[in-house]
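Engineer: Just passing along the structure, written as structure tokens.
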Amino acid sequence: MDGWVEPKPTACLALADGLVLRGMGAGAVGTAVGEVCFNTAMTGYQEILTDPSYAGQIVTFTFPHIGNVGANDDDIETVAEEARSAAQGCVLRAAITRPQSWRAREGFDAWLEKRGIVAITGVDTRALTSHIREGGMVNAVIAHNPEGVFDEPALVEMARKAPDMAGAEIATTVSTRHAAPWHGGAWTWPGFYGEIKGDGPRIVALDYGIKGNILRLLAERGANVTVVPANATAEEILALDPDGLFLSNGPGDPGATGKIVGETLKTLIDRRLPTFGICLGHQLLGHAIGAKTKKMRHGHHGANHPVLDIDTGAVSIVSMNHGFTVDAATLPKNARETHRSLFDGSNCGLAMTDRPVFSVQYHPEASPGPHDSYNLFDRFFAMIAEEKAQTAL
Numbered sequence: 001m002d003g004w005v006e007p008k009p010t011a012c013l014a015l016a017d018g019l020v021l022r023g024m025g026a027g028a029v030g031t032a033v034g035e036v037c038f039n040t041a042m043t044g045y046q047e048i049l050t051d052p053s054y055a056g057q058i059v060t061f062t063f064p065h066i067g068n069v070g071a072n073d074d075d076i077e078t079v080a081e082e083a084r085s086a087a088q089g090c091v092l093r094a095a096i097t098r099p100q101s102w103r104a105r106e107g108f109d110a111w112l113e114k115r116g117i118v119a120i121t122g123v124d125t126r127a128l129t130s131h132i133r134e135g136g137m138v139n140a141v142i143a144h145n146p147e148g149v150f151d152e153p154a155l156v157e158m159a160r161k162a163p164d165m166a167g168a169e170i171a172t173t174v175s176t177r178h179a180a181p182w183h184g185g186a187w188t189w190p191g192f193y194g195e196i197k198g199d200g201p202r203i204v205a206l207d208y209g210i211k212g213n214i215l216r217l218l219a220e221r222g223a224n225v226t227v228v229p230a231n232a233t234a235e236e237i238l239a240l241d242p243d244g245l246f247l248s249n250g251p252g253d254p255g256a257t258g259k260i261v262g263e264t265l266k267t268l269i270d271r272r273l274p275t276f277g278i279c280l281g282h283q284l285l286g287h288a289i290g291a292k293t294k295k296m297r298h299g300h301h302g303a304n305h306p307v308l309d310i311d312t313g314a315v316s317i318v319s320m321n322h323g324f325t326v327d328a329a330t331l332p333k334n335a336r337e338t339h340r341s342l343f344d345g346s347n348c349g350l351a352m353t354d355r356p357v358f359s360v361q362y363h364p365e366a367s368p369g370p371h372d373s374y375n376l377f378d379r380f381f382a383m384i385a386e387e388k389a390q391t392a393l
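This is the structure we're talking about:
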């Protein structure tokens, strides 16, 4: 067509392996460095980008239309102010459109900019996802410059020099700094989160990058919840007189964080505190009891992952977000594998045979994702009640 001028790219994504993709910039202007991964969820982009487990990563969304329902203040999963940034950037297929939801309070583009998240649109995300699946997750630099000027070789070199996720200790950087009670409840019509002051079991939640919906599900079941920093000592935790201990999700290499929190967890486990771990909490529990973790090629990120309950044979569709996995072959004799991924056979759960302790690799709290595994929270509360009854004898 006469007069047509190809739009000049205003953003690029430069991978450490040399691949450079160009597109249009969105969100914050500038550059962001992180490990690039892909997420297969079709909904919940706000929850994903504000999940502290994504700290240090750039999220590629496989669903093409991201941002159509806008953004609001309710669908945010970060709890600690220190975890506000969460994901470093995001990669999108289609351009961000005007919000089309009654719950929207602002456009997704403006929300990204406000939170400092650098984004690129117009990328062939299907091809990028295939690239990650075949070659594994690599570091990348995402750059947004309205002038469209980029030194691509320099960006590739920046990605190559970025610290690797293996060995990265990030959890303590996104954790709350001070212990505090949690009173938040479920989202209710016509659109707000209620407040619950539970008078049930006292649960201490160790914050390695905890998601808000985990705390809401604990509070909804009547728990008196206190959130404590990742590096809280066993003495500080026991001084709260907990009935149960919760180990949260979070980012980074569990081997690195395990060196900081491992002794504390060992002490608490030896006290027979009923314990429930999720995601990074599951991996840290594994390290604490003597198991090992290993880096995955492209990890599991999405809301459509099938997991087998080995005890019952039941299959649940779950939400996942992790790049490391517990090596089931290294579990000690007093622990057993309870859940397994039906995608690749990797470990998805463990339970101790001589302690009231269990954990899962996936996210039963969803947000976003299926609610198939909400029953795990009920199992935790039943375990607390049973342990209290035995102690009373």
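According to the UniProt record's numbering, the sequence shown is numbered sequentially starting from 1. Positions of the beta carbon are idealized from the N, C-alpha and C atoms, including for glycine.
From Ala234, Ala16 and Asp207, pick the residue whose C-alpha is nearest to that of Pro153; which is it?
Structural biologist: Here the question's residue 153 lines up with position 153 in the sequence shown. Nearest option by C-alpha distance: Ala16.
Engineer: Return the chain-ordered list of same chain residues with a C-beta closer than 7 Å to the C-beta of Ser175, the five sequence neighbours on each side being excluded.
Structural biologist: The sequence position of residue 175 within the sequence shown is 175, counting from 1. Closer than 7 Å at Cβ, skipping near neighbours: Ala80, Glu82, Asp207, Tyr208, Gly209, Pro229 and Ala230.
Engineer: Give a yes or no on whether the C-beta atoms belonging to Gln88 and Ile58 are separated by under 8 Å.
Structural biologist: For the purposes of this step, residue 88 is identified with residue 88 of the sequence shown, where counting begins at 1. For the purposes of this step, residue 58 is identified with residue 58 of the sequence shown, where counting begins at 1. Against a cut-off of 8 Å, the Cβ pair of Ile58 and Gln88 comes out as a contact.
Engineer: From the DSSP output, which residues share a beta bridge with Glu337?
Structural biologist: The sequence position of residue 337 within the sequence shown is 337, counting from 1. According to DSSP, which records beta bridges pairwise, Glu337 is partnered with Leu350.
Engineer: Over what stretch of residues does the alpha helix (DSSP H) that includes Ile132 continue unbroken?
Structural biologist: As a first step, residue 132 is located in the sequence shown; it is residue number 132 there, counting from the start. Counting along the chain, the alpha helix (DSSP H) containing Ile132 begins and ends at Thr125 to Gly135.
Engineer: Restricting to runs no shorter than 3 residues, where is the beta strand (DSSP E) found entirely within the region 150–202?
Structural biologist: Segments of the beta strand (DSSP E) lying fully in the region 150–202: 180–182, 184–188 and 192–195.
Engineer: Can you tell me the Cα-Cα spacing of Glu365 and Asn321, whole angstroms?
Structural biologist: Position 365 of the sequence shown holds residue 365. Position 321 of the sequence shown holds residue 321. So the alpha carbons of these two residues sit roughly 12 Å apart.
Engineer: Write down the C-beta distance between Gly222 and Gly255 rounded to the nearest angstrom, noting that I regard them as a contact closer than 8 Å.
Structural biologist: For this step, residue 222 is matched to residue 222 along the sequence shown. For this step, residue 255 is matched to residue 255 along the sequence shown. Gly222 to Gly255, Cβ: 36 Å. No contact.
Engineer: Can you tell me whether Glu147 is helix, strand or coil according to DSSP?
Structural biologist: The residue you call residue 147 lines up with position 147 of the sequence shown. In the structure shown, Glu147 sits in coil (DSSP, three-state: anything other than H, G, I, E or B).
Engineer: Which of the three DSSP states, helix, strand or coil, is assigned to Gly290?
Structural biologist: Counting from one through the sequence shown, the residue named residue 290 turns up at place 290. Looking at Gly290 - three-state DSSP - the assignment turns out to be coil, as it is neither helix nor strand.
Engineer: Thinking C-alpha only, which one of Asp73, Thr226, Val227 and Lys8 is nearest Thr121?
Structural biologist: To locate residue 121, count along the sequence shown from 1; it is residue 121. Closest by alpha carbon: Lys8.
Engineer: Taking only three categories from DSSP, how would you classify His282?
Structural biologist: One-based indexing of the sequence shown puts residue 282 at position 282. Looking at His282 - three-state DSSP - the assignment turns out to be helix.
Engineer: Counting along the chain, where does the beta strand (DSSP E) carrying Glu35 start and finish?
Structural biologist: For the purposes of this step, residue 35 is taken as the residue at position 35 of the sequence shown. From DSSP, the beta strand (DSSP E) with Glu35 extends over Gly30 to Asn39.
Engineer: What residue from Arg355, Ser359, Gly313 and Pro306 has the CA that sits closest to Ala328's CA?
Structural biologist: By one-based count along the sequence shown, residue 328 stands at place 328. Selected option, being the one with the closest Cα: Ser359.
Engineer: Can you tell me the Cβ-Cβ gap for Thr172 and Ile260, rounded? I've got them flagged as a contact below 8 Å.
Structural biologist: Sequence index remark: in the sequence shown, residue 172 carries index 172 (1-based). Sequence index remark: in the sequence shown, residue 260 carries index 260 (1-based). Correct: roughly 6 Å between the Cβ atoms.
Engineer: Tell me the start and end of each unbroken alpha helix (DSSP H) in the region 62–115 that is at least 4 residues and wholly inside, in chain order.
Structural biologist: Within the region 62–115, the complete alpha helix (DSSP H) runs of at least 4 residues are 108–115.
Engineer: Suppose the cutoff is 6 Å on Cβ atoms and the five residues either side in sequence are ignored; what does the same chain contact list for Ala291 look like?
Structural biologist: Working through the sequence shown from its first residue, we reach residue 291 at position 291. Closer than 6 Å at Cβ, skipping near neighbours: Val326, Thr330 and Leu331.
Engineer: Could you check whether Met383 and Pro242 sit closer than 8 Å to each other, using their CB atoms as the reference points?
Structural biologist: Numbered from 1 along the sequence shown, position 242 holds the residue referred to as residue 242. Numbered from 1 along the sequence shown, position 383 holds the residue referred to as residue 383. Going by C-beta atoms, Pro242 is not nearer than 8 Å to Met383.
Engineer: Distance check for Ala232 and Thr97, CA to CA, integer angstroms please.
Structural biologist: Stepping through the sequence shown from its first residue, residue 97 is reached at position 97. Stepping through the sequence shown from its first residue, residue 232 is reached at position 232. Each residue's Cα considered, the two are about 44 Å apart.
Engineer: Would a C-beta distance cut-off of 8 Å place Ala351 and Arg336 closer than the cut-off?
Structural biologist: Position 351 of the sequence shown, counting from 1, holds the residue named residue 351. Position 336 of the sequence shown, counting from 1, holds the residue named residue 336. Closer than 8 Å, so yes.
Engineer: Give me, in chain order, the residues of the same chain whose beta-carbon lies closer than 8 Å to that of Asp311; leave out the 5 immediate sequence neighbours on both sides.
Structural biologist: Counted from its first residue, the sequence shown places residue 311 at position 311. Excluding residues within five positions, the ones whose Cβ falls inside 8 Å are Thr338.
Engineer: Helix, strand or coil for Lys8? Go by DSSP, reduced to three states.
Structural biologist: Indexing the sequence shown from 1 puts residue 8 at position 8. The answer is coil: DSSP assigns Lys8 none of H, G, I, E or B.
Engineer: Here's a check: name, in chain order, each residue in its chain whose Cβ is nearer than 7 Å to the Cβ of His197, leaving out the five neighbours to either side.
Structural biologist: In the sequence shown, counting from the first residue as 1, residue 197 sits at position 197. Note that residue 197 corresponds to Lys in the displayed sequence, not to His. Cβ within range, chain order: His183.
Engineer: So, do the region 132–145 and the region 28–38 have three or more beta carbon pairs nearer to each other than 8 Å?
Structural biologist: Short answer: they touch.
Engineer: State the Cα-Cα distance for the pair residue 434 and Ile237, rounded to the nearest angstrom.
Structural biologist: Given a span of 1 to 393 for the chain in the structure shown, any question on residue 434 remains unanswerable.
Engineer: If you check the beta carbons only, do Phe108 and Gly244 fall under 8 Å apart?
Structural biologist: For the purposes of this step, residue 108 is identified with residue 108 of the sequence shown, where counting begins at 1. For the purposes of this step, residue 244 is identified with residue 244 of the sequence shown, where counting begins at 1. It is not a contact, given that the beta carbons lie outside the stated cut-off.
Engineer: For the candidate residues Asp51, Ala28 and Ala11, whose alpha-carbon lies nearest to that of Ser367?
Structural biologist: Here residue 367 is taken as the residue at index 367 of the sequence shown, counted from 1. Closest by alpha carbon: Asp51.
Engineer: With DSSP collapsed to three states, give me the class of Asp207.
Structural biologist: Taking the first residue of the sequence shown as position 1, residue 207 is located at position 207. Asp207 falls in the strand class under three-state DSSP.
Engineer: Three-state secondary structure (DSSP) at Gln361?
Structural biologist: By 1-based counting over the sequence shown, the position of residue 361 is 361. Three-state DSSP puts Gln361 in coil, outside helix and strand.
Engineer: Relative to the C-alpha of Val227, which candidate in Ile203, Leu92, Glu220 and Asp73 has its C-alpha closest?
Structural biologist: Here residue 227 refers to the residue found at position 227 of the sequence shown. Closest by alpha carbon: Ile203.
Engineer: Can you tell which of Cys37, Thr125, Ile132 and Arg103 has the C-alpha that lies nearest to the C-alpha of Arg22?
Structural biologist: Stepping through the sequence shown from its first residue, residue 22 is reached at position 22. Minimum Cα distance to Arg22 is reached at Thr125.
Engineer: What residue does the alpha helix (DSSP H) around Ile120 start on, and which one ends it?
Structural biologist: Here residue 120 refers to the residue found at position 120 when the sequence shown is read from its first residue. Not the alpha helix (DSSP H): Ile120 falls in the beta strand (DSSP E), residues Val118 to Thr121.
Engineer: Measuring alpha carbon to alpha carbon, tell me which of Cys12, Lys294 and Gly323 ends up nearest Asn145.
Structural biologist: Against the sequence shown, residue 145 aligns to sequence position 145. For the residues Cys12, Lys294 and Gly323, the minimum Cα distance to Asn145 belongs to Cys12.
Engineer: Using DSSP with H/G/I as helix, E/B as strand and the rest coil, what is Asn321?
Structural biologist: Residue mapping note: residue 321 aligns to position 321 of the sequence shown, counting from 1. Note: Asn321 maps to strand in three-state DSSP.
Engineer: Return the chain-ordered list of same chain residues with a C-beta closer than 7 Å to the C-beta of Gly167, the five sequence neighbours on each side being excluded.
Structural biologist: By one-based count along the sequence shown, residue 167 stands at place 167. If we look at Gly167 and ignore the five residues flanking it on each side, its Cβ neighbours are Asp253 and Ala256.
Engineer: Can you tell me which of the three DSSP states Asn231 falls into?
Structural biologist: For this step, residue 231 is matched to residue 231 along the sequence shown. If DSSP states are grouped into helix, strand and coil, Asn231 belongs with coil.
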